[in-house]
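Chemist:
Protein chains: 2
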Amino acid sequence: MELTRKLQSEIRALHTRHGRKKSRLCCCEGLRAVRELFAAAPELVHYCVCTPELRTALPYPREPITVSNREFAALTGTVNAQGVLAVSEQPPEPPATLLPEDPFLFALDRLGDPGNFGTICRTLLAAGLHELWFTGGTVDPWSDKSIRSALGAQFRLRLRSFPDLNSMAQQATTFGYRNIFLTDPHHGENCFTTPDLFDHSLIVIGCESTGVGELPGARHTLIPMPGNFESLNAAQAATIFLFESVRRHFVASGVK
Amino acid sequence: MELTRKLQSEIRALHTRHGRKKSRLCCCEGLRAVRELFAAAPELVHYCVCTPELRTALPYPREPITVSNREFAALTGTVNAQGVLAVSEQPPEPPATLLPEDPFLFALDRLGDPGNFGTICRTLLAAGLHELWFTGGTVDPWSDKSIRSALGAQFRLRLRSFPDLNSMAQQATTFGYRNIFLTDPHHGENCFTTPDLFDHSLIVIGCESTGVGELPGARHTLIPMPGNFESLNAAQAATIFLFESVRRHFVASGVK
Chain A
1013 MELTRKLQSE
1023 IRALHTRHGR
1033 KKSRLCCCEG
1043 LRAVRELFAA
1053 APELVHYCVC
1063 TPELRTALPY
1073 PREPITVSNR
1083 EFAALTGTVN
1093 AQGVLAVSEQ
1103 PPEPPATLLP
1113 EDPFLFALDR
1123 LGDPGNFGTI
1133 CRTLLAAGLH
1143 ELWFTGGTVD
1153 PWSDKSIRSA
1163 LGAQFRLRLR
1173 SFPDLNSMAQ
1183 QATTFGYRNI
1193 FLTDPHHGEN
1203 CFTTPDLFDH
1213 SLIVIGCEST
1223 GVGELPGARH
1233 TLIPMPGNFE
1243 SLNAAQAATI
1253 FLFESVRRHF
1263 VASGVK
Chain B
1013 MELTRKLQSE
1023 IRALHTRHGR
1033 KKSRLCCCEG
1043 LRAVRELFAA
1053 APELVHYCVC
1063 TPELRTALPY
1073 PREPITVSNR
1083 EFAALTGTVN
1093 AQGVLAVSEQ
1103 PPEPPATLLP
1113 EDPFLFALDR
1123 LGDPGNFGTI
1133 CRTLLAAGLH
1143 ELWFTGGTVD
1153 PWSDKSIRSA
1163 LGAQFRLRLR
1173 SFPDLNSMAQ
1183 QATTFGYRNI
1193 FLTDPHHGEN
1203 CFTTPDLFDH
1213 SLIVIGCEST
1223 GVGELPGARH
1233 TLIPMPGNFE
1243 SLNAAQAATI
1253 FLFESVRRHF
1263 VASGVK
């Protein structure tokens, strides 16, 4: 297979939201991310492009398209091109009839930064969860930046999108997740002492600048901060919630 | 005051490690970081440069140097120039005779990424700590990237540097911090169940790729990860340790 002009412009188009929307493809860059993609969803991959050095590092059964370093850098537009990319279909959302298996659900409301999104995907997997929900206005999970920063973790997650908080909360309730917690830097129940925080709940992290939207009937939860430094990064807040759930699980199971 | 050629080249030199080492100055960019600098150490500031729109947002008592957007962008070399910067002296390290006040000490061993460094500074302050220790080989705390990503949090911390882990551990012991914990992704005591993890201890986070160095006699501590996604980002690991200390403090003090 050869890197035709058609493929070149296909790959370049995947660096724009419009291009991804039109083709329903995504561009997955970097060795670690490509490996995650192959481990999670090999059937979605259309083809791989790599530089000669990375040829043997690839888990791909079919022959990748090998190009020079210069050609590769021209394709990706990143300063430090990583020498390997895969073009794949965007994984479909799970059907609404497929019940989540996680003890609680984790969600994002209009999270804007692909770096935060990626970090949250990785942390979610490390914490043993399988689903990530998000509202419209959240960064595109299939952008090259989101994939690079998650190291491809999103290929192993079930992502579900909703137009807004309201429809998300409705779906959660339908699935039996009845406690809705909105994270809040200023007021709410202490995340370390709320007994039912992870009991069939939906926990929502908000937009970096404006926080979580409003949702009548939802509870608020906060991370206590002894220092008076204003608010943690969204990814740090997510990490604290996710590993508080891990801690409770370990303590409850009596593992040392 | 005017933006002379001399000042222009002084500012540009602060974007290199060599330039910062020579002048012992640093360049603090962005409104939030500049505000932190003024709140923490106004006496260190030499001058401010800003674009006309940001003139009134500045807390600076003396007149800043106002320049056009184009001139500002040329100074900083960042894609999204933030319209305000301050040139300041690098805060001196506290004298070795000054005892730390924190219940435990947090340290970095050859941490390489300024984004991780900055996030850790912010999280440390939010968790109510005041000191951050680091070994040689750690990213420069006074680089423009470190300052931007910490939003200037390092100006409010006491930073202490050491040639290596050994000399750092010696100093900690001298100060009465006798339990040395090296964080480790693969083996060690569970961070959620180790009773004396924060009891006059020194907790060390390691290099993103090679982890913490070796130190005879030190204990190892790990974050349990139910998911089998390989290793958290260094900043996420730091966040989990720091807020586990916050949690224990809140639980011990009986606050709800």
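Just so you know, the sequences run in chain order A and B. Just so we're aligned: the first sequence equals residues 1013 to 1268 in the working numbering. Just so we're aligned: the second sequence equals residues 1013 to 1268 in the working numbering. Beta carbons are placed, not taken as given, at the ideal position from N, Cα and C, and that holds for glycine.
Please report the straight-line C-alpha distance between ALA1247 (chain A) and ILE1217 (chain A), rounded to a whole angstrom.
Modeler: 9 Å
Chemist: Please report the distance separating the alpha-carbon of SER1179 (chain B) from that of TRP1154 (chain B).
Modeler: 22 Å
Chemist: Nearest-angstrom Cα distance between SER1265 (chain A) and ILE1252 (chain B)?
Modeler: Going by the C-alpha atoms only, they are around 20 Å apart.
Chemist: Using a cut-off of 7 Å between C-beta atoms, extract the partners of PRO1236 (chain B) located in chain A.
Modeler: VAL1258 and PHE1262
Chemist: Please tell me whether THR1063 (chain A) and GLY1042 (chain A) are closer than 8 Å, where the distance is taken between their beta carbons.
Modeler: no
Chemist: Output yes if chain B places a C-beta closer than 8 Å to the C-beta of GLN1102 (chain A); else output no.
Modeler: Not flagged as an interface residue toward chain B: GLN1102 (chain A), since no C-beta distance is shorter than 8 Å.
Chemist: Taking the straight line between their C-alpha atoms, what separation do you get for GLU1101 (chain A) and GLU1220 (chain A)?
Modeler: 29 Å
Chemist: Taking the alpha helix (DSSP H) that ASN1128 (chain B) belongs to, which residues open and close that run?
Modeler: 1126-1138
Chemist: Would THR1088 (chain B) be called buried (16 or more neighbouring beta carbons within 10 Å of its own) or exposed?
Modeler: buried
Chemist: Among the candidates B:ASP1156, B:PHE1129 and B:ALA1138, whose CA atom is the shortest distance from the CA of THR1147 (chain B)?
Modeler: B:PHE1129
Chemist: Alpha carbons only, please: which of B:THR1016, B:SER1161, B:ARG1168 and B:ALA1052 is nearest the one belonging to VAL1306 (chain B)?
Modeler: This structure cannot settle anything about residue 1306 (chain B), because the visible part of chain B is limited to 1013 through 1268.
Chemist: Just to confirm the assignment, what range does the alpha helix (DSSP H) spanning ASN1081 (chain A) have?
Modeler: 1081-1088
Chemist: Give the DSSP-derived three-state secondary structure of HIS1232 (chain A) in the structure shown.
Modeler: strand
Chemist: Can you name the residues of chain A whose CB is closer than 9 Å to the CB of GLN1094 (chain B)?
Modeler: Under the 9 Å cutoff, chain A gives no residues; its nearest Cβ is about 15 Å from GLN1094 (chain B).
Chemist: Judging by CA-CA distance, which residue of B:LEU1141, B:GLY1225, B:PHE1084 and B:GLU1105 is the nearest neighbour of SER1021 (chain B)?
Modeler: B:PHE1084
Chemist: List the residues of chain B whose Cβ lies closer than 8 Å to the Cβ of GLY1140 (chain A), in chain order.
Modeler: From the beta-carbon of GLY1140 (chain A), the residues of chain B found nearer than 8 Å are MET1237, PRO1238 and GLY1239.
Chemist: I need the boundaries of the beta strand (DSSP E) containing ASP1121 (chain A), first residue and last residue.
Modeler: 1117-1121
Chemist: Looking only at its chain, what residues have a beta carbon closer than 6 Å to the beta carbon of ILE1132 (chain A), apart from the 5 residues adjacent to it on each side?
Modeler: Here the set comprises ALA1247 and ALA1250.
Chemist: Is the region 1177-1191 of chain A close to the region 1234-1241 of chain A, with three or more CB pairs under 8 Å?
Modeler: Below 8 Å, too few C-beta pairs join the region 1177-1191 of chain A and the region 1234-1241 of chain A to call them touching: fewer than three.
Chemist: Taking 8 Å as the threshold (beta carbon to beta carbon), is THR1222 (chain A) in contact with chain B?
Modeler: no
Chemist: State whether the region 1202-1216 of chain B contacts the region 1226-1237 of chain B, with contact taken as three or more CB pairs (one from each stretch) at a distance under 8 Å.
Modeler: yes
Chemist: So is PHE1204 (chain A) in contact with chain B if we call contact Cβ pairs under 8 Å?
Modeler: yes
Chemist: Could you name the residues of the region 1047-1071 of chain A whose beta carbon sits closer than 8 Å to any beta carbon of chain B, in the order they occur along the chain?
Modeler: Answer set for the region 1047-1071 of chain A: empty.
Chemist: List, in chain order, every chain A residue whose beta-carbon is nearer than 8 Å to that of ILE1159 (chain B).
Modeler: What ILE1159 (chain B) touches in chain A: nothing, since even the nearest Cβ is about 15 Å away.
Chemist: Taking VAL1263 (chain A) as part of the alpha helix (DSSP H), name the residues at either end of that continuous run.
Modeler: 1246-1265
Chemist: Going by alpha carbons, who is nearest to GLU1048 (chain B) out of B:GLU1201, B:GLY1188, B:LYS1018 and B:ARG1168?
Modeler: The candidate whose alpha carbon is nearest that of GLU1048 (chain B) is B:ARG1168.
Chemist: From the beta carbon of LEU1097 (chain B), is the nearest beta carbon of chain A less than 8 Å away?
Modeler: With 8 Å as the cut-off, LEU1097 (chain B) does not count as an interface residue toward chain A.
Chemist: Please name the residue, chosen from B:GLU1256, B:LEU1244 and B:GLU1075, that lies closest to GLU1014 (chain B) on a Cα-to-Cα basis.
Modeler: B:GLU1075
Chemist: State the start and end residues of the unbroken alpha helix (DSSP H) segment that holds ARG980 (chain B).
Modeler: Absent from the structure is residue 980 (chain B), since the part of chain B shown begins at 1013 and ends at 1268.
Chemist: Starting from the N-terminal side, write out each stretch of the beta strand (DSSP E) that is 3 residues or longer and does not extend beyond the region 1190-1237 of chain A.
Modeler: Counting whole runs of 3 or more residues, the region 1190-1237 of chain A contains the beta strand (DSSP E) stretches 1191-1195, 1213-1218 and 1231-1234.
Chemist: Under a CB-based cut-off of 8 Å, is ARG1134 (chain B) close to chain A?
Modeler: yes
Chemist: Flag this pair as yes or no: are the beta carbons of GLY1200 (chain B) and THR1233 (chain B) separated by less than 8 Å?
Modeler: yes
Chemist: Closer than 9 Å by beta-carbon distance: list the chain B residues that pair up with PHE1193 (chain A), in chain order.
Modeler: Chain order gives no chain B residues near PHE1193 (chain A), where near means a beta carbon separation below 9 Å; the closest approach is about 16 Å.
Chemist: Quick one: using the 10 Å Cβ neighbour count with 16 as the cut-off for buried, is ALA1086 (chain A) buried or exposed?
Modeler: exposed
Chemist: Over the uninterrupted alpha helix (DSSP H) stretch that includes VAL1061 (chain B), give me the two end residues.
Modeler: Element bounds for VAL1061 (chain B): not the alpha helix (DSSP H) but the beta strand (DSSP E), 1057-1062.
Chemist: Using the C-alpha atoms, what's the distance from PHE1050 (chain A) back to VAL1263 (chain A)?
Modeler: Taking the straight line joining both Cα atoms gives about 35 Å.
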